[in-house]
Amino acid sequence: MGDDNGAPSDARGSDRHCLHCNKIFQIVHSGHRCCSQECTKARQLLNRQSANTSSASASGGNKRKKDSHSPDKPDAIDMKKSKADSATTFIAELPLATINSLSKTELVSRLSFALNLLENQIVDICELELMVTRLGDDHVSDLESQVSCLKTDLESKVEEISVLKNEAVQMKVAFADGLLSLQRASPTGLAGSSFSGTSSHGPSYASVARGNSSGSVLVAKCADASAPPLNVQAVEELLDTPNSGLIPSHVRFKNNKMFVTLDNEVAVAKAAALLNNKPDFSSRFEPASKLNVSFPVVALFVNISDVNALKVELEHRNSALRGQIHSVKVIYTKPQTTEGHVKIFLKSRAVRDLILDQRRASISEPTTSCTSSLSQIILDLDIDVVLIQEPYVLPSLSPVVANIPPGFTAFHQLSDDYSYGAAILIRDSIVTAGKPVCMHISNSAACVELTTNKGPLRLSSVYLRPSIVDFSATTLTILEALSAPFSIIARTNATNGDMFRVLSEFAGKTKSISLPSEVSIDGALSADPILIAEGCARHFFPVEPPSQSTHSAVESEAFAAVLSQLDDEPPPVSDWEFETAARSLNTKSAPGIDGIAADLLLFSLPLIKPYLFVILNACISMCFFPDSWKVAIVSVIGKPNKCDYTSLNSFRPISLVSNLAKFLEKIVLGRLLWLDSVNNWISTSQHGFRANHSTETAAHTLVSFIEDAFSENKVCATAFLDIKSAFDSAWHPAIIHALAKRACPSYLIKIISSFLSNRQALSYASVDLFPCALNTLRCYIRVFLNSGAAGLCVVFTNSAAVIRILNLSLPPSISFRSGLSVALAEAIETIKELRPKYTSSEIILVERLVMLSPAATLSLMEVSNLDLLAKLGNSCHVFTAANPNSPGLALASFWAKYPSPFTTRYAPVSPKAIQKELSKYVWNMWNKEWVSLSTNLSVKAFFPDVYSANRLLKVKTSAISTQLLTGHCPLNAHQHRFGFTSSASCRCGATIESITHFLFYCPNYSSLREELYEKLLAVNLPWPPPLHIFPKSNLSWNALVKYVLSTKRFSLK
1 MGDDNGAPSD
11 ARGSDRHCLH
21 CNKIFQIVHS
31 GHRCCSQECT
41 KARQLLNRQS
51 ANTSSASASG
61 GNKRKKDSHS
71 PDKPDAIDMK
81 KSKADSATTF
91 IAELPLATIN
101 SLSKTELVSR
111 LSFALNLLEN
121 QIVDICELEL
131 MVTRLGDDHV
141 SDLESQVSCL
151 KTDLESKVEE
161 ISVLKNEAVQ
171 MKVAFADGLL
181 SLQRASPTGL
191 AGSSFSGTSS
201 HGPSYASVAR
211 GNSSGSVLVA
221 KCADASAPPL
231 NVQAVEELLD
241 TPNSGLIPSH
251 VRFKNNKMFV
261 TLDNEVAVAK
271 AAALLNNKPD
281 FSSRFEPASK
291 LNVSFPVVAL
301 FVNISDVNAL
311 KVELEHRNSA
321 LRGQIHSVKV
331 IYTKPQTTEG
341 HVKIFLKSRA
351 VRDLILDQRR
361 ASISEPTTSC
371 TSSLSQIILD
381 LDIDVVLIQE
391 PYVLPSLSPV
401 VANIPPGFTA
411 FHQLSDDYSY
421 GAAILIRDSI
431 VTAGKPVCMH
441 ISNSAACVEL
451 TTNKGPLRLS
461 SVYLRPSIVD
471 FSATTLTILE
481 ALSAPFSIIA
491 RTNATNGDMF
501 RVLSEFAGKT
511 KSISLPSEVS
521 IDGALSADPI
531 LIAEGCARHF
541 FPVEPPSQST
551 HSAVESEAFA
561 AVLSQLDDEP
571 PPVSDWEFET
581 AARSLNTKSA
591 PGIDGIAADL
601 LLFSLPLIKP
611 YLFVILNACI
621 SMCFFPDSWK
631 VAIVSVIGKP
641 NKCDYTSLNS
651 FRPISLVSNL
661 AKFLEKIVLG
671 RLLWLDSVNN
681 WISTSQHGFR
691 ANHSTETAAH
701 TLVSFIEDAF
711 SENKVCATAF
721 LDIKSAFDSA
731 WHPAIIHALA
741 KRACPSYLIK
751 IISSFLSNRQ
761 ALSYASVDLF
771 PCALNTLRCY
781 IRVFLNSGAA
791 GLCVVFTNSA
801 AVIRILNLSL
811 PPSISFRSGL
821 SVALAEAIET
831 IKELRPKYTS
841 SEIILVERLV
851 MLSPAATLSL
861 MEVSNLDLLA
871 KLGNSCHVFT
881 AANPNSPGLA
891 LASFWAKYPS
901 PFTTRYAPVS
911 PKAIQKELSK
921 YVWNMWNKEW
931 VSLSTNLSVK
941 AFFPDVYSAN
951 RLLKVKTSAI
961 STQLLTGHCP
971 LNAHQHRFGF
981 TSSASCRCGA
991 TIESITHFLF
1001 YCPNYSSLRE
1011 ELYEKLLAVN
1021 LPWPPPLHIF
1031 PKSNLSWNAL
1041 VKYVLSTKRF
1051 SLK
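Just so we're aligned, residue 1 is where the sequence shown starts under the UniProt record's numbering, counting upward by one.
In structure tokens form, the structure reads like this:
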């Protein structure tokens, strides 16, 4: 090799770089490559290490190539070694100075060597990849074959297990057959028992291979203790298990009682009814019933003066105990006190465990730490007045409220029952300025009256126990006694409906506002009930306006979502969903069109639950909401605090739907709420129809938003939007479209679409007995069907009187639809007969006529009636869904049920007979309503029934006597109710100046009362006499009026 000038590169005396340390040295001989002996040794050692590494990698990765070299060819081995050395040299000679010193020939040689080396490495890598691929394919095929073998073995094992199970069942049945045969063959078996009869059907498998189910238990006490006990087979024969389906899983006797375990409560109820009706069973046992299993807990040192009240108190204080307490039993009474220990029997083990964990079974009192914290809070928040219920009291001769903050005074009338008491804390500065006057009523009702510039201000603290006897009356009395024009009343957070009902009654919000006799319809006042009913229907249920072009996209998507295929099979109704829906049903819900009240439905739920389960699951699987559950009875009630009640805008409709429909509604709602909680469908800013959200949370959010804007010096603007009839105007396609957009399951979309479609609203119109328009004939039709009796009655009236009554008997086997057709035919015939005298006619019915439905199949009589109505034309109007309690329909219903006093079919009716029947019926209805009223107590004291009101016609009345009868008089008991006087007490010192007190007991009028006393004593009347005696005779009435006038208490001056 030579350099660029052609001189040899390794000539003596030339310079070169050391291959080890890269130091420049002078070449001494041609093989001189290192600058010193140490570098030469180090370089040789490095070469040997590199050669060993290359040999090891080559032998491990290319074994096949190594074997191809023959040991008889040393040249090949030497060549390989030289190549390795050259490669090591090439790799080692990397410094830039060394490369620059090489000639072009040497550089080309080295680069050629490097290319050859790389080509060899690439070939080796390709061969290695091919080998790995082959090995991988072999392993995968081996694994697949092994998995296939294991799968085949598993399937064979499953078949063997199935065969073994079948064999085990056959063995159990065979064992049962043999055991039963031995028992029947044994002389000590069931042969001597009256329950032993032979069973033709043989033993059921349930009697042999039944499991140890923990179902409900039926218990029956043995009437004859000496009789031999029954076994499972004997009970099966009594229950007729193959036909009744009642399978007893266990029978045992203990303490002269028989216990039979069945599947559930429904089975126990059926079994009890079946056994109690069998003479063989009733001769040996007392009536069977469900065993009530209870789980006891003990509450220590509670008030045991009223155990029933204690039960109510426990349920009120702990929501987990509501409806779960079976009974309460006193187990210890502390001497000379009303405290003791009680054992509380709970219906559920889970509730018992929960109560024991929380240690909340006993009625606990506030602790010292609680009251200390309260005192600190009062001082920290700078509170002036505190109204306390259930205060922490230090027991002493006179109970003292503990931990009163400094600078405060306590006002109360606490007794030994201070655990249920009330107290008031007022800052001393207010006490000094307000000059408080204590007006406490009792231990649980504290009241203080402060003097202010605008009059007296009453502060009241009341603890209302839910266990109070006659809760409503007691609470009303307390509220009326404590109320004033300026009052602040604090009470406990009672959760029972009685509290809210009392407050509503006290505020005067209990009386609903009904439609007046005249209502504005289309801008004009109308008294026609038919026009009013039609106007209400148009106002509250308007016809949906026609769709616009912008609605087509939403409607098409909603329509496609309803018609889409189901994603999966709808999940069936679970037992948890059913029980949740049952618990959420309000027991006071009014019935719908089917007349089934909520409390009756819940009472019969254990018996109808299996059948209702089938109906609900069918509705879910078929994505269908029954049409009969979509019919609502609509009542119209007025909105409070409206100026004009002749406008329909002052009223709102109340729809009463079937309580059975509410089960399906609540189940669907529960699933929608779960989807909302998972997928966050509803915005967090919405407060309506969300758990733990209400108008209060919305108000708090609004206030917080405004405060944040103020703190950041921003402008805050609020827009309030009120949509008229928002729910009635909701666009159904938009609802379906919103659900589909949120990926709601298709079966729920179909059910909701079925729920929203074809809904009906029925409103009963109260119809007057006589039509308003002259020359109008009105027909009231009622049909009555009962087992063994059937009849119809049509009452005809004009604007002045009842002119005809048609009362006919019907065959007992006739259907209601046929009976209604007969009644309608008779009414039409009478209308045709009397048509010359009347220009128009009206037919009033409660039921809907099937013949008016477009798709109905009509009978011959219905076709004839329809033809006759068509011939009458516009002069005859048919009104359905009328109020059955309307006078004309009530009379028709009465005469349809009972034998008619009018025996001739078309004989002229005597006006006296009609007047007598009408008077008797109306007076009975009036008296029934009068007796049931809870208002007008003053009038009812003088006239306990409506018949006694006739005496007003025989006595002379005046303004003062009318005030006395109605109770609206100057006496303080009445004046205090409206805030005209500061107290209801009498000037004599009596607590309440009532009418009875004024007439018989007030000492201020003792001398004036002597004449009244003597006149009543002369006619042998007791003293004090009941108030209803005075209107009976003129003597007593005149004496009463004379006494009232002489007192001058009712004087306007």
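C-beta atoms are modelled at their ideal positions from N, C-alpha and C, and glycine is treated no differently.
Measuring alpha carbon to alpha carbon, tell me which residue in the options is nearest residue i.
i, options, result
"K343", "N303, A1018, W681", "N303"
"L1045", "L964, L673, G434", "L964"
"Q413", "S460, C779, I615", "S460"
"C744", "L824, G688, D568", "D568"
"A773", "T697, K221, D353, P529", "P529"
"A522", "T646, I426, S628, A481", "Sequence check: residue 522 is Asp here, not Ala. Cα-wise, what sits closest to D522 is T646."
"N924", "S934, Y947, L933", "Y947"
"I309", "R782, F998, S216, L464", "Reading off the sequence, residue 309 comes out as Ala, not Ile. For A309, the nearest C-alpha among the options comes from L464."
"L601", "F613, A582, C619, F727", "A582"
"C35", "R16, R48, N47, L45", "R16"
"H539", "D728, H32, G888, I404", "D728"
"P571", "S841, V393, C619", "C619"
According to DSSP, which residues form a beta bridge with residue i?
i, result
"E313", "E313 is not bridged to any residue."
"H997", "None; H997 has no bridge partner."
"Y947", "Paired residue(s): none; Y947 is not in a bridge."
"Q413", "Bridge partners of Q413: none, in fact."
"L600", "Note: L600 sits in no beta bridge, so no partner."
"H877", "E842"
"R778", "T797, E842"
"H32", "Answer is none; H32 lacks a bridge partner."
"L394", "V400"
"C126", "For C126, which the question treats as bridged, DSSP gives no partner whatsoever."
Taking the alpha-carbon positions, what's the residue i to residue j distance?
i, j, result
"T880", "V863", "18 Å"
"K741", "K642", "41 Å"
"V147", "H139", "12 Å"
"S818", "H877", "21 Å"
"T957", "T830", "48 Å"
"F894", "V634", "25 Å"
"I532", "A590", "24 Å"
"residue 1058", "N617", "Here the chain has residues from 1 to 1053 only, and residue 1058 is not among them."
"T475", "G967", "21 Å"
"I424", "H316", "24 Å"
"I960", "F980", "19 Å"
"D867", "G873", "10 Å"
"N865", "A827", "10 Å"
"Q376", "I383", "11 Å"
"L849", "S584", "37 Å"
"A299", "I478", "31 Å"
"S419", "N443", "10 Å"
"A907", "V614", "With a pLDDT of 37 at A907, under the threshold of 50, the predicted position of this residue should be treated as unreliable, though the coordinate-derived value follows. Distance between the alpha carbons of A907 and V614 is about 55 Å."
*asked:* Please give the ranges of any alpha helix (DSSP H) in the UniProt domain "Reverse transcriptase" (641 to 759), keeping only runs that are unbroken, at least 4 residues long and fully inside the region.
replied: 659 to 679, 695 to 711, 732 to 741, 746 to 756
*In the stretch 204 to 265, which residue ranges form an unbroken alpha helix (DSSP H) of at least 4 residues, counting only runs that do not cross its ends?*
206 to 209, 232 to 239, 241 to 244
*What are the uninterrupted segments assigned as beta strand (DSSP E) that are 3 or more residues long and contained completely in the stretch 816 to 842, given in chain order?*
none
*Mind listing, in chain order, the continuous alpha helix (DSSP H) runs of no fewer than 4 residues lying wholly within the stretch 285 to 342?*
307 to 317
*Counting pairs of Cβ atoms below 8 Å between the stretch 629 to 643 and the stretch 513 to 527, do you hit three or more?*
yes
_Runs of beta strand (DSSP E) lying entirely within the stretch 512 to 573, each at least 3 residues, in chain order_ = 519 to 521, 524 to 526
*asked:* Does the contact criterion of 3 or more C-beta pairs under 8 Å hold for the stretch 993 to 1000 versus the stretch 970 to 981?
replied: yes
*Kindly confirm or deny that the stretch 733 to 740 and the stretch 608 to 624 touch, where touching means at least three C-beta pairs closer than 8 Å.*
no
*Decide if the stretch 265 to 273 is in contact with the stretch 285 to 298; the criterion is three or more beta carbon pairs, one per stretch, under 8 Å apart.*
yes
*Could you say if the stretch 804 to 818 and the stretch 835 to 846 meet the contact criterion of at least three C-beta pairs nearer than 8 Å?*
no
*asked:* Runs of 4 residues minimum, wholly inside the stretch 950 to 991: which ones carry the alpha helix (DSSP H) assignment?
replied: 959 to 966, 972 to 977
*Assess, as a yes-or-no matter, whether the stretch 249 to 264 is touched by the stretch 218 to 228 under the definition of 3 or more beta carbon pairs within less than 8 Å.*
yes
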